[in-house]
Amino acid sequence: MIEEIESKVKEVLDFSSQDSGEIEKFRIKFLGKKGHISRYFSEFKKVDVSQKKEFGKAINKLKLVANNKLEELKKSLTKDSSNNSGNIDLTRPANLIELGSRHPISIIRDKIIDIFYKIGFNTSEGPEIEDDWHNFTALNLPFHHPARDMQDTFFIKKDPDLLLRTHTSSVQIRHMEDNDPPIRTISPGRVYRNEDISARSHCFFHQIEGLYIDKNVSFSDLKQTLLYFIKELFGKSKIRLRPSYFPFTEPSAEVDIYWGLNSETDFRITKGTGWLEIMGCGMVDPNVLDNCKIDSNKYTGFAFGMGIERIAMLLYQIEDIRILYDNDIRFNNQFRDSI
Ligand code: DAH
Numbered sequence: 483m484i485e486e487i488e489s490k491v492k493e494v495l496d497f498s499s500q501d502s503g504e505i506e507k508f509r510i511k512f513l514g515k516k517g518h519i520s521r522y523f524s525e526f527k528k529v530d531v532s533q534k535k536e537f538g539k540a541i542n543k544l545k546l547v548a549n550n551k552l553e554e555l556k557k558s559l560t561k562d563s564s565n566n567s568g569n570i571d572l573t574r575p576a577n578l579i580e581l582g583s584r585h586p587i588s589i590i591r592d593k594i595i596d597i598f599y600k601i602g603f604n605t606s607e608g609p610e611i612e613d614d615w616h617n618f619t620a621l622n623l624p625f626h627h628p629a630r631d632m633q634d635t636f637f638i639k640k641d642p643d644l645l646l647r648t649h650t651s652s653v654q655i656r657h658m659e660d661n662d663p664p665i666r667t668i669s670p671g672r673v674y675r676n677e678d679i680s681a682r683s684h685c686f687f688h689q690i691e692g693l694y695i696d697k698n699v700s701f702s703d704l705k706q707t708l709l710y711f712i713k714e715l716f717g718k719s720k721i722r723l724r725p726s727y728f729p730f731t732e733p734s735a736e737v738d739i740y741w742g743l744n745s746e747t748d749f750r751i752t753k754g755t756g757w758l759e760i761m762g763c764g765m766v767d768p769n770v771l772d773n774c775k776i777d778s779n780k781y782t783g784f785a786f787g788m789g790i791e792r793i794a795m796l797l798y799q800i801e802d803i804r805i806l807y808d809n810d811i812r813f814n815n816q817f818r819d820s821i
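Last residue of the sequence shown? That's 821 in the numbering used here, and every number before it is there in order.
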């Protein structure tokens, strides 16, 4: 038995490796719970008293040698891995970084901004957490106005009221408070409404707001501006304005585009009429100008607002709004070329 232990000592001393897997195997073989050393220790109990001293010495020697060897192997391994810069192949080509794609909502938003930029509109933004004044009151929607019901609101805090803005019209107010006319601005952003009415509906979506304030701005300016925009974005050349109501504009209108009836889809999305409602608009109510300290005797203006999701769905023929928020990479990657 002592000879066997001595041969194990030799085996340990002869062992050498640079491979961490091999070294671990070595550790288990000699120093592990079921390894040689613990086996010899359990056999020690059975050894005859006369041999105990010599046997004990031999096992302790094996244990010491094995522990030292393990330390030495581990040291050479860490030294080697921290000092292996010589092994790096600097001529190897870099890993390819996959090109991402922009989200269809961002693509459409940027297209709309570009179209208005060409006719002198800048962009402006406002906070998504708004106060009552900017989201409602200054827009001619005082506290008990029934039109507040049209936008079921997520309130955050009472007194002073804080809420998630229900539309980007709040940015109109902020922009007019901070800037003197002439004003030409486009305000894109995310808005929130508590619209839990169907499985498809969403509680947030995106809007773009437009505002033009100057001397002698008229309804025909509004119509021509919208016609230009619709030609640029949709390539369509016929629109109609239907009388409507918004508290912040007077008169107000809904804008329809003549989409045509050239396919089954056209029939479906226009409900057989050929016309598609696309946005709301109107002449800024003098009360709104006065609320922002802009002289309504001197200045007039128009405003409009539209949902970006709806436009993206029309232009990319997306049938279900939910796919815009799923972040399914197979869907998103289809927009790589439209960046
Ligand atoms: N704020 C309206 C909404 O969210 C949209 C809108 C309509 C904005 C008419 C306007 C406007 O600026 O003139 O439903």
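Note that beta-carbon positions come from the ideal geometry of N, C-alpha and C, so glycine has one too. From a predicted model like this one, the values you see are computed outputs, not experimental measurements.
Residues bridged to residue 734 by DSSP? Residue mapping note: residue 734 aligns to position 252 of the sequence shown, counting from 1. According to DSSP, residue 734 bridges with 726, 764.
Residue range of the unbroken alpha helix (DSSP H) whose run includes residue 520: Against the sequence shown, residue 520 aligns to sequence position 38. Taken as a continuous stretch (DSSP letters only), the alpha helix (DSSP H) holding residue 520 covers 518–526.
Can you tell me whether residue 538 is helix, strand or coil according to DSSP? Your numbering for residue 538 matches position 56 in the sequence shown. It is helical.
Using the C-alpha atoms, what's the distance from residue 780 back to residue 698? For the purposes of this step, residue 698 is identified with residue 216 of the sequence shown, where counting begins at 1. For the purposes of this step, residue 780 is identified with residue 298 of the sequence shown, where counting begins at 1. C-alpha separation (whole angstroms): 8 Å.
Restricting to Cα atoms, I'd like to know which of 641, 584, 595, 497 is closest to residue 815. Indexing the sequence shown from 1 puts residue 815 at position 333. Closest by alpha carbon: 584.
8 Å CB neighbourhood of residue 606 in its chain, flanking five on each side removed: As a position in the sequence shown, residue 606 is number 124, starting the count at 1. Answer for residue 606: 653, 656, 657, 667, 668, 669, listed in chain order.
Which residue comes first and which comes last in the alpha helix (DSSP H) that contains residue 504? As a position in the sequence shown, residue 504 is number 22, starting the count at 1. Counting along the chain, the alpha helix (DSSP H) containing residue 504 begins and ends at 502–513.
Best match in 498, 494, 502 for proximity to residue 517 [C-alpha to C-alpha]: Your numbering for residue 517 matches position 35 in the sequence shown. Per the Cα distances, 494.
Cα-Cα separation between residue 515 and residue 523, rounded to whole angstroms: For the purposes of this step, residue 515 is identified with residue 33 of the sequence shown, where counting begins at 1. For the purposes of this step, residue 523 is identified with residue 41 of the sequence shown, where counting begins at 1. Near 11 Å, if we compare the C-alpha coordinates of residue 523 and residue 515.
Examine the ligand DAH and report whether any of its heavy atoms sits within less than 8 Å of the Cβ of residue 610. Against the sequence shown, residue 610 aligns to sequence position 128. Not so, every heavy atom of the ligand DAH lies at least 8 Å from the Cβ.
I want to check one thing, is the minimum distance from the CB of residue 764 to the heavy atoms of the ligand NAP below 8 Å? For the structure depicted, the ligand NAP is absent and the ligand set comprises only the ligand DAH.
Going by other Cβ atoms of all chains shown within 10 Å of its Cβ, with 16 needed for buried, is residue 582 buried or exposed? Residue 582 sits at position 100 when you count from the first residue of the sequence shown. Exposed is the call here.
Can you name, in chain order, every residue of its own chain whose Cβ lies under 8 Å from the Cβ of residue 519, other than the five neighbours on each side? As a working note, residue 519 is residue 37 in the sequence shown. Around residue 519: 512, 513, 541, 544, 545, 548.
Say whether the segment 568–578 touches the segment 529–540, bearing in mind that this needs 3 or more beta-carbon pairs closer than 8 Å, one atom from each stretch. no
Should residue 576 be listed as close to the ligand DAH, given that the test is whether its C-beta is under 8 Å from any heavy atom? The residue given as residue 576 occupies position 94 in the sequence shown. No, the Cβ of residue 576 stays beyond 8 Å of every heavy atom of the ligand DAH.
DSSP state of residue 673, grouped into three classes? Locating residue 673 in the sequence shown gives position 191, counting from the first residue. Correct three-state label for residue 673: strand.
For residue 719, which of 707, 730, 751 has the nearest alpha-carbon? Counting from 1 along the sequence shown, the entry for residue 719 is found at position 237. Of the candidates 707, 730, 751, the one whose C-alpha sits nearest the C-alpha of residue 719 is 707.
Going straight from the alpha carbon of residue 677 to that of residue 587, what length do you get? Numbered from 1 along the sequence shown, position 195 holds the residue referred to as residue 677. Numbered from 1 along the sequence shown, position 105 holds the residue referred to as residue 587. Each residue's alpha carbon lies about 20 Å from the other.
Collapsed DSSP secondary structure at residue 633 in the structure displayed: Reading the sequence shown from its first residue, position 151 is the one you call residue 633. Of the three classes helix, strand and coil, the one that applies to residue 633 here is coil, per DSSP.
According to DSSP, which residues form a beta bridge with residue 757? Locating residue 757 in the sequence shown gives position 275, where the first residue counts as 1. DSSP lists 740 as partners of residue 757.
Given residue 642, which residues of its chain have a CB within under 8 Å of its CB, disregarding the five upstream and five downstream residues? In the sequence shown, counting from the first residue as 1, residue 642 sits at position 160. 613, 614, listed in sequence order.
Please give me, in chain order, every unbroken run of the beta strand (DSSP E) with length at least 3 that falls completely inside the segment 558–618. 611–613
Using 8 Å as the cut-off, can you tell me whether the segment 612–631 makes contact with the segment 716–733, which would need three or more C-beta pairs spanning the two stretches below that distance? yes
Would you call the segment 736–751 and the segment 629–638 in contact, with 3 or more CB pairs under 8 Å? no
Taking 9 Å as the threshold (C-beta atoms), are residue 659 and residue 774 in contact? Translated into positions along the sequence shown, residue 774 becomes position 292. Translated into positions along the sequence shown, residue 659 becomes position 177. Taking 9 Å as the Cβ cut-off, residue 774 and residue 659 qualify as a contacting pair.
For residue 558, which option in 807, 689, 501, 510 has the closest C-alpha, if you only look at C-alpha atoms? Within the sequence shown, residue 558 is the residue found at index 76, counting from 1. The shortest Cα separation from residue 558 among 807, 689, 501, 510 belongs to 501.
Between the C-alpha atoms of residue 625 and residue 702, what's the straight-line distance to the nearest angstrom? By 1-based counting over the sequence shown, the position of residue 625 is 143. By 1-based counting over the sequence shown, the position of residue 702 is 220. One C-alpha to the other measures close to 33 Å.
Exposure label - residue 818; buried when at least 16 CB within 10 Å: To locate residue 818, count along the sequence shown from 1; it is residue 336. Residue 818 should be labelled exposed.
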